[in-house]
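Below you'll find the structure, written out as structure tokens, and then a few comments.
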Amino acid sequence: MTNTVEEVEKTPTPEQNVNGQTDGADGADGADGEEGAVQPDNIFQVTIKLPHEPFEMPMTISSAEQVQDLRQSIIEMPHTFQYSCFHLEHEGKRINDYVELSEVKGLKADSVLTLVEDPYTEKEARLHVIRVRELIGAAGDRTDALHGIMAGLSLHDTVGHEQILKPKQDGPEQTPVTDYDFKAESIKALLPPAPEAAPKTIKSIAVSPWNPPPYHLRSKGHLLYLVVTTNENEQHHITAHVSGFYVNKSSNASFDPSPRQAPKAKQAHSLLTLLEELSPSFRTTFQELLEHNAKKELLTIFQLSNAIPANPWLVPAPTSSLTPHQPDLARTQESYLISGVENTETLRDWNEEFQSTREMPKEAVHDRVFRERLTSKLFADYNDAATRGAMLVARGEIAPLNPTEAKDAQIFVYNNIFYSFGADGVGTFGAEGGDEAARVAVGKDVFGVRAVNNLDIQNLFTSGTVVVDYQGKRIVGQSIVPGIFKQRDPGEHQIDYGAVEGKEIVADDKSFVPLFEQLSKSLRVKKHPVWDKDNVRHELEGSVETKGLIGTDGRRYALDLYRLTPLDISWIEAHWTEPTEDGEPKPKDKDYPHRMATLRPELVESYYRIKLREYVKNELAKKKEEKEAKEKEETPEEESSDESSEEEEDDEEESEEKKPKLSSAEKKAAKIAKKKAEEDPEQERVDISGFSFALNPDVFSGQNPQSDEDKKEWAQDEAEVRAACEHLTAEVIPRLMQEIKEGDVGFPMDGQSLSSLLHKRGVNIRYLGKLAELADKPEPRLQALKRLVIQEMIARGFKHFANSKLRNVSAPFAAPAAAHLLNCLLGAEVSAKPVAECDNSLKAMYSEDDFSFEKLTPEVLKKEVLDQVALRFRFDLGESWIESGKELQMLREVSLKLGLQLESKQYAFTKEALDSSAPTEKPAAPQTNGHSTSSKKKKNKTTPPVRAASPTVTLAPQTFHADDILNIVPVIKEASPKSLLAEEALEAGRMSLAQDQKELGQELLLESLQLHEQIYGVLHPEVAKAYHTLSNLLFNLDDKVSALELAHKAVIVSERTLGVDHADTVLAYLNVGLFEHASGNTKAALTYLRHALELWKIIYGPGHPDCVTTISNAAVMLQSLPQYHESRLWFEAALAVHEELFDRKSISTANMLFQTAQALAFDKDMRGGVNRMRESYNVFKEVLGPDHSTTKEAEGWLEQLIHSAVNQLKAAQLPSNAKGRVRMQLPATSSSTAASGSQRGAVDQRKIEDLLKYIEGETQKTPSSKKKTQTNPRKRTH
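Under full-length UniProt numbering, the first residue of the sequence shown is numbered 1, with each subsequent residue one higher.
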């Protein structure tokens, strides 16, 4: 029974022991894995000939890459930084940038490619200037409207910095976890330390005031004029010419852009080379800058181009060295440099781009790679552009197309994207719940669009769709479908398939039938009739709400995809009632805010598998009856094996990370049947072609079947949907609760991980109340779940209420309103009547704003949140409110949901905390001009008049001030599809490994990795997931080096795309810790584990159910150092958490006790070791029986510890000079056991009970009281 470092995640991989070996894997397999790493044929080396030094360089390329990829690699290599405007030639022929390298004739290993510099165009010159500015560190800080403060932050490189900087202390050796506090959370873990200043290569580089060139000079090839100030304080005016860059004769006062005469004539094709010639210090400082940047992991500084970076919710103060704001003239010119004078280059026809990308060929693999890669980049660009536009709409910066309409009905067009509010401005959803229904519908629409995008049906198109929640408003951005605004001729409908103008008219253009048929088959939607206002029957493939439109470009578009699944009728019947005509309030128990409660696609899929299992079972039963005469013995076994394999398949799908590919279940079922047939040739295949399952999404939606036949079919459809709803409440939710209780599924850490766990199982968030009720049992794990669910309900209730207030205030009041709402939620103990810090002088200018938020008090807010929770989750919080000590977690949840970025500091949630922090906070309180903390400067101290005049100077003692809300960022829902190709390769790799084909499996995994990186770009959440999965798989193949590298990458990409404190980031850090330890770097491993635990305390608070594993892993690592005393403290901490969450009589508790006893023994605390080992032995004996090998092992240890303890006591009573001779006896190995056998003869052979009495002395009579007194002194670390 050795201490093992367990896998942190609930993945079905074998357990790894502390040395990183996989149980059951022999050495030979590992060797095979190594051979799989031979370079594939399509990767080879070529030589690139350069026009300047070093004149040539070798490069490893892959023929699967595009020429553009090779170009990009050249641009980013240190020797070739200066090139940006060039083409490549092979054997004297120019290579097209847009082909794959495999298409270049004659290109093979050791070929020579020549880099030829091209003449610049105005655009190339601008982009070259931008590139050089970034390269030499002159780009300064950008203030980006979309990306928040420190967006895309990574802490990976700075984790453990504070340990390195700590002064060395005398005494025992310090480990990275020496001073770790198991209880107190520190927000320091969320920010990097102050950065080292980068070397300055140049003072400034900007566009000259003489720009742009006059007409007569444009015709001579002049493109731009720049002005550069070097570190030597010399100013140079530079002309960007088609041939390159040269120093001209202009000055600030006179204009003469012709080249200077020798000896001052300087000219080069690249601006970088020219700067080297102009400034003597440039070369050395540039080299220093490159070295400075090389200290950082490249992934941490790359710009994110294919994903929106994660915005941290806690950010440094404005005066911090992490967020400097420097003067930089070129910052104001960047939009010109990026998009030119006309600013037309950024205007794109999004719809045409989306649809033409869709129509690209996808037969060959390289075609698919190119198509999916383009799709991924296009969605990223569109999401970026649409979000920027939505923020402008929210701030009122864009004029509406229909300014006379009500606010919610206004529509906007900006950058070729159509915007509308996610509210019921025109009364479409009047009967469904109005604004609430509209809000939900647009959210569901995005997921519907994503589902359709993932299915990738030929000739069925969708518009690009993004939903942005910003400052309380929900805004939808869609690419403009050609013809959607066109007025149709009389008699023609605006829509070609589905409902027109409500559901009164139904159009059914036959050309949509084959397209919607494919869609509906994949999504399990039943073909069904609907009736219009004249009761005319129309057969539709999809829901009547799903519209089809033939665009003026001839393409068929699917719109309004929010009803791809049926209504959750059991919920609606229980909690919704139709609005009355006279607007009477609804009864309390039936006032759910909308009627858009639908089932999730994952649930429909799960129900489909249940039905399929029943079908297979019935088919087998039939066959069994047929075969009964022949094979009486075999059939029952087959049947049971069938069921179990079905169930395994089910579980496997349930635990899968990704959202279900909606058509995969049929394939899988067929695969299962085939596999079984192979395994047992006697058994016939179960043919599932006769099985069909689909749900009617329009039942319970006001349709009136006319004929008896239709009525009968409709009743069957209704019964099927009811059965699916029943499946959710009676099967799925209870099974999920059971798995959480048993620990079969990773315990969620926060709201995000809880939501994704529920969604994967097909459970809607509205069932949180039901989960809280089911979790209200004495089991500690369920109690922990209940606390988390209640926290999530309060956070969501607060989000809805806060949005209703923020929606109606203008930008200058958003921060005061958010701060006041937070004070009412979390600062009631500090101030029972918080004051909103609005600028009264501004209020008069915003007469339309709603300032009712100022009147809020903590009591009113609490009542509102309780009402929201009762309304949305059907749960009565009663006395439950934010748990004491969990305020930070609640603050994090609401900040992430509302997009708040708060200043990073320890917020005072109690009077005591406020009093203790008061002295340090005072200098920062006055709202002066951004210099509030620079108290060193004397001049700032001499401005009392401003302070006296300012109404906000004497800030009331409150938890949050308006100045603490530094920024509000948008929260985005988008519809980009996954790459099917990359997913397929990953799945194929997994399958090969499962069938023990290790070499093939490894090859496929690496191919999948390459595809993920090629298609998504490296910095993308999907790639983080792939890194994480692959690192685990490779580790199990014993490829520790690759596993460790990928685990580190997974951390960085997770941090930058998901968030520095996202649950996946924590898991990624835990993996890195395990792999570092397995590679022999235990101290580094402990540093990463410590960081993960610090994050865990911020996300969840101390004592997360799954952190027991991590704490005991750290304890095992400390033992290996060997740091026995510290290891013992960590084991005791793990045991303390464990005892709070598990039954005292469980095997896991016995194992923890066993490990703790060993740790105490190693720390020479024999008496404590005996007590713990005896508890462990008693549990093993009770649960496993006295003859079980584990029980025997515990018994052996117990005897040994008792003898050692007796010796220790005797030694303590010996004269001091004899003490050194007594040795501790532990049954560590068989030899020591043999030695202890001889020792036993010397010790008196009394019974164990007598020896225990001897050890414990006569003071402790009962074991229970002994335990308490024994453990209390050591609990000081918890």
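Built from N, CA and C at the ideal position, the CB exists for glycine as well. Note that this is a predicted model, so its numbers are computed, not measured.
With fewer than three CB-CB distances shorter than 8 angstroms, the segment 409–427 does not count as touching the segment 487–498. Pairing T178 with P748, the inter-Cα distance amounts to about 28 angstroms. Secondary structure within the segment 56–132: the alpha helix (DSSP H) runs of 4 or more consecutive residues, fully enclosed, are 67–76 (chain order).
Nearest Cα to V686 within the set S1112, K622, W714: K622.
Secondary structure at Q901: strand, using DSSP grouped into helix, strand and coil. Partner residues in the beta bridge of Q478, as assigned by DSSP, are F418, T465.
One Cα belongs to V104, the other to F44, and the distance between them is close to 14 angstroms. Contact between L561 and G448 holds, with the beta-carbon distance rounding to 3 angstroms and staying under 8 angstroms. With fewer than three CB-CB distances shorter than 8 angstroms, the segment 1092–1099 does not count as touching the segment 1124–1140. Per the coordinates, the alpha-carbon of L788 lies some 16 angstroms from the alpha-carbon of K897. Under the three-state reduction of DSSP, E541 is assigned to coil, being neither helix nor strand. Within 10 angstroms of the beta-carbon of N42 lie fewer than 16 other beta-carbons, which makes it exposed. The Cβ atoms of E117 and H269 lie closer than 8 angstroms to each other.
DSSP places W881 outside both helix and strand once states are collapsed to three, so it counts as coil. Remark: C-beta atoms of G389 and G477 approach each other more closely than 8 angstroms.
Within the same chain, and ignoring the five residues on either side of K833 in sequence, the residues whose Cβ sits closer than 7 angstroms to its Cβ are T857. Within its own chain, the residues whose Cβ lies closer than 7 angstroms to the Cβ of P957, once the five positions on either side in sequence are excluded, are V830, S831, L914, listed in chain order. When C-alpha distances from D445 are compared across K1040, A975, Q287, L980, the shortest belongs to A975. Pairing N415 with L304 gives a Cβ-Cβ distance that is not under 8 angstroms. Apart from the 5 residues on each side of it in sequence, D849 sits with its Cβ closer than 6 angstroms to the Cβ of V809, S810 in its chain, given in chain order. For the pair L866 and L877, the CB atoms are nearer than the 8 angstroms cut-off. Residue L374 holds the alpha-carbon nearest to the alpha-carbon of N306 among L374, H292, V369, E334. In terms of Cα proximity to H1020, the closest of R1056, T284, Q1002, E1182 is R1056.
With respect to the C-alpha of V468, the residue from E1003, K886, K973 having the closest C-alpha is K973. The criterion of a C-beta distance shorter than 8 angstroms is not satisfied by I794 and Y767. With respect to the C-alpha of A386, the residue from S420, E1182, F370 having the closest C-alpha is S420. Between E903 and D964, the beta carbon gap of about 5 angstroms places them in contact (Cβ cut-off 8 angstroms). I968 is not a Cβ neighbour of G885, given a cutoff of 8 angstroms. With fewer than three CB-CB distances shorter than 8 angstroms, the segment 319–332 does not count as touching the segment 1072–1079. For W531, the enclosing beta strand (DSSP E) starts and ends at 528–531. A Cβ-Cβ separation of about 4 angstroms places P213 in contact with H222 under the 8 angstroms criterion. In this structure, L1095 is the residue among R439, I1111, L1095, V506 with its C-alpha nearest to the C-alpha of V159.
Beta-bridge annotation (DSSP): G244 is paired with H241.
In the structure shown, the three-state DSSP call for L561 is coil. Nearest to Q1208 by C-alpha distance, out of G1169, L1058, H1188, V1179, is G1169.
Annotated three-state conformation of Q868 is helix, per DSSP.
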